[in-house]
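Engineer: Under the working numbering, the first residue of the sequence shown carries the number 23, and numbering increases by one thereafter. Backbone N, C-alpha and C fix where the C-beta goes; we use that ideal spot for every residue, glycine too. Computed from a predicted structure; not experimentally measured. Quick one: the structure is below, questions incoming.
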Amino acid sequence: MIALTGASGKTGRDLAALLAERGIAHVRLSSRPGCGDRVFDWTDRATWGAALEGVDSLYLVKPPHGTGMAELVADLLASAPAIRRVVLLSEMGRGDKPDADPDRAVERVLERWDGEWTLLRPSWFFQNFSAGGGFRAGVVDGTIALPTGGAPVSWLDTRDIAEAALVALTEDGHCCRGYTLTGPESFGVPELARRIGVVTGRIVEAADPLRVEELATTYDDGTERGSYYAELLVDVREGRYADITTDLEDLTGRAPRTFDDFVREHADDWK
Ligand SMILES: NC(=O)c1ccc[n+]([C@@H]2O[C@H](COP(=O)([O-])OP(=O)(O)OC[C@H]3O[C@@H](n4cnc5c(N)ncnc54)[C@H](OP(=O)(O)O)[C@@H]3O)[C@@H](O)[C@H]2O)c1
């Protein structure tokens, strides 16, 4: 049976839907009682045993920043020897970071683990801008404020990430590999705002409130979460989220969804 951490999140909900459609046994884990099939809280080890009972495969969305992510993941795997396959939702470019980087450190835990692991390293999600995404309110208000310097990003649809995860979880041949998942095009936030505006008939603009040298002072408040965001935005600004790869198509056997189709399908999200 497959367990999904982050089952209520952007990729987890799509993966749960695919597993349900195909009748594949799975459990949706959530730290909020009643929001999933079982309670699982990264920060409460007392929840882990019952949450992972009968589980042999895991879709792993990392613990929150600042919780000692790599140590938690290592401890979880050590506590659940019946789990033999893990698909980790990582992030584009993490393989190039030093081992001490907290997100790379989680990848390293998997790389050292003796089970079958696959790393998914996606670019940024379309769904950050639709219902449930952190930037939906900005779209509705007419201004998407994201300090990316307008740099291109190879945005992709979480439904494609879920399809890639399904393949890695249920088919053989993906062990010990990292896949960089991207959409079919790279464009910046101003173009993204323009495209949403065209379909919805709204005025949607991009605001870029910070210069690159202001990112660290604004976001890096000394916490792991703060330094992650500051570095992430510098990476985006320097074009490290712009590459387009064929890894997604190689995994799923079909081309990734386009942003324009996504906007047409989600037009009601911005009413
Ligand atoms: N957003 C992007 O564009 C993007 C791009 C590349 C990679 N990523 C990676 O994707 C991952 C998910 O990011 P996201 O921002 O899109 O979030 P998300 O998956 O939409 O939501 C986060 C999930 O974490 C779960 N969660 C939070 N606290 C928890 C806890 N204490 N114990 C167990 N589960 C907990 C939440 O579930 P409950 O509240 O139900 O427990 C929720 O399902 C991150 O690791 C990020 O680095 C994101």
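Check the C-beta distance from V211 over to T170 and give it rounded, since I have them as a contact under 8 Å.
Structural biologist: With 8 Å as the limit, V211 and T170 qualify as a contact, their Cβ atoms being about 6 Å apart.
Engineer: Terminal residues of the continuous beta strand (DSSP E) containing V109?
Structural biologist: Note, V109: beta strand (DSSP E), 107-111.
Engineer: Relative to the alpha-carbon of G117, which residue among G56, G160, L141, A229 has its alpha-carbon at the smallest distance?
Structural biologist: Of G56, G160, L141, A229, the residue nearest in Cα terms is L141.
Engineer: For D36 and D290, what's the separation of their Cα atoms in angstroms?
Structural biologist: Near 19 Å, if we compare the C-alpha coordinates of D290 and D36.
Engineer: Can you tell me where the beta strand (DSSP E) with I24 in it begins and where it stops?
Structural biologist: 24-26 is the span of the beta strand (DSSP E), which, as asked, contains I24.
Engineer: Cα-Cα, which of S52, R143, V162, P144 is closest to F151?
Structural biologist: For the residues S52, R143, V162, P144, the minimum Cα distance to F151 belongs to V162.
Engineer: Classify E193 as helix, strand or coil using the three-state DSSP reduction.
Structural biologist: Coil, per DSSP.
Engineer: Can R54 be considered in contact with ligand 1, in the sense that its beta carbon sits closer than 7 Å to one or more heavy atoms?
Structural biologist: True, at least one ligand heavy atom lies under 7 Å from that Cβ.
Engineer: Assuming R134 and D121 form a contact by the criterion Cβ under 8 Å, report the distance between their Cβ atoms to the nearest whole angstrom.
Structural biologist: About 11 Å separates the two Cβ atoms, so there is no contact after all.
Engineer: Below 8 Å on the Cβ atoms is my contact criterion, and I expect V49 with V95 to pass it. Report the Cβ-Cβ distance as a whole number of Å.
Structural biologist: Wrong, their Cβ atoms sit about 18 Å apart, outside the cutoff.
Engineer: Which residues in the same chain have their Cβ closer than 7 Å to the Cβ of L232, if we skip the five residues on either side of it in sequence?
Structural biologist: Excluding sequence neighbours, L232 sits near P169, T240.
Engineer: Let's see if you can read the secondary structure: which residues bound the beta strand (DSSP E) around A289?
Structural biologist: Unbroken run through A289: none, as it is neither H nor E.
Engineer: Please work out which residues of its chain come closer than 6 Å, Cβ to Cβ, to L41, disregarding the five sequence neighbours upstream and downstream, and give them in chain order.
Structural biologist: So the qualifying residues of the chain are H48.
Engineer: Inspect the beta-carbon positions of I218 and V128 and report whether they are closer than 8 Å.
Structural biologist: Going by C-beta atoms, I218 is not nearer than 8 Å to V128.
Engineer: Find out if the Cβ-Cβ distance for the pair L273, A190 is shorter than 8 Å.
Structural biologist: Result yes, Cβ atoms of L273 and A190 sit closer than 8 Å.
Engineer: Please find out if some non-hydrogen atom of ligand 1 comes closer than 7 Å to the beta-carbon of T33.
Structural biologist: Yes, Cβ of T33 sits closer than 7 Å to a heavy atom of ligand 1.
Engineer: Around the C-beta of D136, are 16 or more other C-beta atoms found within 10 angstroms, so that it is buried, or is it exposed?
Structural biologist: D136 should be labelled exposed.
Engineer: How close, in whole Å, do the beta carbons of A186 and L270 come, if the pair is a contact with beta carbons under 8 Å?
Structural biologist: Contact holds; Cβ gap of about 6 Å.
Engineer: I'd like the list of long-range same chain contacts for L188, defined as Cβ closer than 6 Å, with 5 residues on each side in sequence excluded.
Structural biologist: These residues qualify, in order along the chain: L40.
Engineer: Would you grab the beta carbon distance between A92 and P124 for me? Rounded to a whole angstrom, and I think it's under 8 Å.
Structural biologist: Confirmed, Cβ separation roughly 7 Å.
Engineer: Following a CB-centred definition, is G13 positioned closer than 7 Å to any heavy atom of ligand 1?
Structural biologist: Outside the displayed range of the chain (23 to 293) lies residue 13, so it cannot be described from this structure.
Engineer: Please determine whether the Cβ atom of P86 lies at a distance below 7 Å from any heavy atom of ligand 2.
Structural biologist: In the structure on display, ligand 2 does not appear, and the ligands it does have are ligand 1.
Engineer: Give me the Cα-Cα distance between V338 and L254, rounded to the nearest whole angstrom.
Structural biologist: Since the first residue of the chain shown is 23 and the last is 293, residue 338 is not available in this structure.
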